[in-house]
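Everything below concerns the one structure shown next.
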Amino acid sequence: MNLALEAISPFPLEQMLIGFVTSADGKQVLAYAAHRRRFTAEESFAWPEDCQVVPEFLALCGHRPAADGIVVHRSDERLTALAWKAGDELPAAIVVAELADTDEAAIAREAATRADLAAETPVENVTGGLAGAIVEGDLILKGEFEGMFTIPKKGLDDSDIRDSDFLAERRKKERLNLMLWNAARAGAAVLVVSLLLDIAGGVVGMRRASLEVANEARRPQVEDIEASQAITSRILELGVKRLLPMEMLALVNEKRPATVEFTNIQCEIKKAKDSTIAKPMMTVDAKTPNAGDISDFLKAVQAMPEVEAATNSEPRVRETSTTFRIEIIFKQAVLLKTAETPKQ
């Protein structure tokens, strides 16, 4: 799996937080990753040790159509589309976008295209909250609709995006906690027997106290699940809202002819024409005394590997200079990789 991820990832695997789940028959693997720099040290430190850090969309993997189909989930902040092929236990493609950037029909088409499904593939729209809980050692993920997705106990570490060293240390703590818990249970059993023999009338009071302790013990588990959901939402939010204005300006400035003077720069995350996904864009207003340099500048920008498209508005001649505007759309992955690469 690491070889497959390394082939498609724009970054070295050591810079990524990686997780994956495997189908019950072992024939399919769904892998996911996020760049480490998308999380601050404070955010990583805040992740609870005894919960799973997994993507929100895994809770949608239990709702599978019987044949080829697209399932689109609407939450309060984003749309998630899963493309399914008949008989598969895991989706063939997943697309996530902010509500402001797309709609159900557009994101469904995008998912169908990525999964090589027909344009007329049926689409099912679902809504409702997503939740998860540990049940007898397995992680059960589900939404407010039919179906649930189960990650077995043996696959929990594989599904968690955190470092293998951290997960190994957590397993050691879990084994120690289990030993302490068994010892505590044995001690509690001896204590209960002693109390029953000595004070038969205290059974009712002890039972009530035991239930209160059990309820309090479950409260951290509920809080951990809520924290895990918040972390997953943060992962997706950072994945679609990353803007690198200084890096974009530096790249374009390298191609600027000496006669061209920038008068205004605007950078934003915006949905380009005929696209359902928001992308980094920069608008450059400039002037030059040599109109011939405009074409050279535009061609140089269009040839940059980080640039997806660049267009020039109609130049205007004013006295001794010509003003013009260039709109540049960047490739998110290539731009981020360039920004992460140290300058030689």
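So for the sequence shown, this note's numbering puts the first residue at 257; every next one is plus one. Note that the Cβ used here is the ideal one computed from N, Cα and C, for glycine as well.
Requested in this report: Have a look at T576 and D549 and give me their C-alpha separation to the nearest angstrom.
Outcome: Cα to Cα, the separation comes out at about 14 Å.
Query raised in the report: Going straight from the alpha carbon of M272 to that of D552, what length do you get?
Result: Answer to the nearest angstrom: the Cα atoms are 38 Å apart.
Query raised in the report: Where does E575 sit, in a helix, a strand or coil, going by DSSP?
Result: In the three-state reduction of the DSSP assignment, E575 falls in the coil class.
**Report entry** Alpha carbon of R292 to alpha carbon of A595, nearest angstrom
**Finding:** Rounded to the nearest angstrom, the two C-alpha atoms are 14 Å apart.
Query raised in the report: Is V379 near I326, with beta carbons less than 8 Å apart?
Result: Yes; because the gap between Cβ atoms is below 8 Å, this pair is in contact.
Query raised in the report: From what residue to what residue does the alpha helix (DSSP H) around Q588 run?
Result: Taken as a continuous stretch (DSSP letters only), the alpha helix (DSSP H) holding Q588 covers Q588 to E596.
Query - Cβ-based neighbour list, G461, same chain, cut-off 7 Å, excluding 5 preceding and 5 following - result: Excluding residues within five positions, none has a Cβ falling inside 7 Å.
Query raised in the report: Curious, which full-length beta strand (DSSP E) runs of at least 3 residues does the segment 359-393 contain?
Result: 379-383 and 386-391, all fully within the segment 359-393.
Requested in this report: From the DSSP output, in three-state form, read off E333 for me.
Outcome: Three-state result, E333: coil.
Query raised in the report: According to the Cβ coordinates, are C317 and I481 closer than 8 Å?
Result: No, Cβ-Cβ distance for C317 and I481 is not below 8 Å.
**Report entry** Given E402 as reference, the closest of N433, L386 and V391 once Cα atoms are compared
**Finding:** Of N433, L386 and V391, the smallest CA-CA separation from E402 is found for L386.
Query raised in the report: Can you list, in chain order, the stretches of the alpha helix (DSSP H) that have 4 or more residues and sit fully within the segment 508-560?
Result: Counting only runs that start and end inside the segment 508-560, the alpha helix (DSSP H) elements of at least 4 residues fall at 548-558.
Query raised in the report: Excluding sequence positions up to five away, which residues of its chain have a Cβ less than 7 Å from the Cβ of G384?
Result: Answer for G384: G399, E400 and F401, listed in chain order.
Report task. Starting from G275, follow its DSSP beta bridges and name the residues at the other end. Result -> Per DSSP, the beta bridge partners of G275 are Y288.
Requested in this report: Find out if the Cβ-Cβ distance for the pair A368, T358 is shorter than 8 Å.
Outcome: One thing to note: A368 has its Cβ no nearer than 8 Å to the Cβ of T358.
Query - Rounded separation between G282 and S415 - CA only - result: Separation of G282 and S415 (C-alpha to C-alpha, rounded to the nearest whole angstrom) is 15 Å.
Query raised in the report: Sorted by chain position, which residues of the same chain lie with C-beta nearer than 6 Å to L397's C-beta, five sequence neighbours on each side aside?
Result: So the qualifying residues of the chain are L314, A315, G388 and F405.
Query raised in the report: Cα separation between P408 and G393?
Result: Distance between the alpha carbons of P408 and G393 is about 7 Å.
**Report entry** Chain-order list of residues whose beta-carbon lies under 6 Å from that of R581 (same chain, five-residue window excluded)
**Finding:** Here the set comprises D541 and S569.
Requested in this report: Drop a sphere of 10 angstroms on the beta-carbon of V285, count the other beta-carbons inside from all chains shown, and report buried for 16 or more, exposed for fewer.
Outcome: Counting Cβ neighbours within 10 Å, V285 comes out exposed, since fewer than 16 surround it.
Query raised in the report: When you compare only the Cα positions, how much space is there between T567 and P598?
Result: In a straight line, the C-alpha of T567 is about 29 Å away from that of P598.
**Report entry** Through-space distance from V382 to E360, alpha-carbon basis
**Finding:** Distance from the CA atom of E360 to the CA atom of V382, rounded to whole angstroms, is 10 Å.
Query raised in the report: Mapping DSSP to helix, strand and coil, what is G325?
Result: Looking at G325 - three-state DSSP - the assignment turns out to be strand.
Query raised in the report: Among residues of its own chain, excluding the 5 on either side of T579, which ones have a beta-carbon nearer than 6 Å to its beta-carbon?
Result: Within the same chain, Cβ atoms closer than 6 Å to the Cβ of T579 are found at K543 and R572, the five residues on either side in sequence being excluded.
Query raised in the report: How is the beta strand (DSSP E) around T567 delimited, first residue to last?
Result: Note, T567: beta strand (DSSP E), V563 to N568.
Query raised in the report: Who pairs with M404 in a beta bridge, going by DSSP?
Result: Beta-bridge annotation (DSSP): M404 is paired with K398.
Query raised in the report: For Q558, which of P545, R574 and F586 has the nearest alpha-carbon?
Result: The shortest C-alpha to C-alpha distance from Q558 to any of P545, R574 and F586 is the one to F586.
Requested in this report: Report the rounded CA-to-CA distance for K511 versus A556, giving the unit in angstroms.
Outcome: In a straight line, the C-alpha of K511 is about 6 Å away from that of A556.
Query raised in the report: If you count every other CB in all the chains shown that lies within 10 Å of the CB of L412, and 16 or more means buried, which is it?
Result: It is buried - the Cβ of L412 has at least 16 other Cβ atoms within 10 Å.
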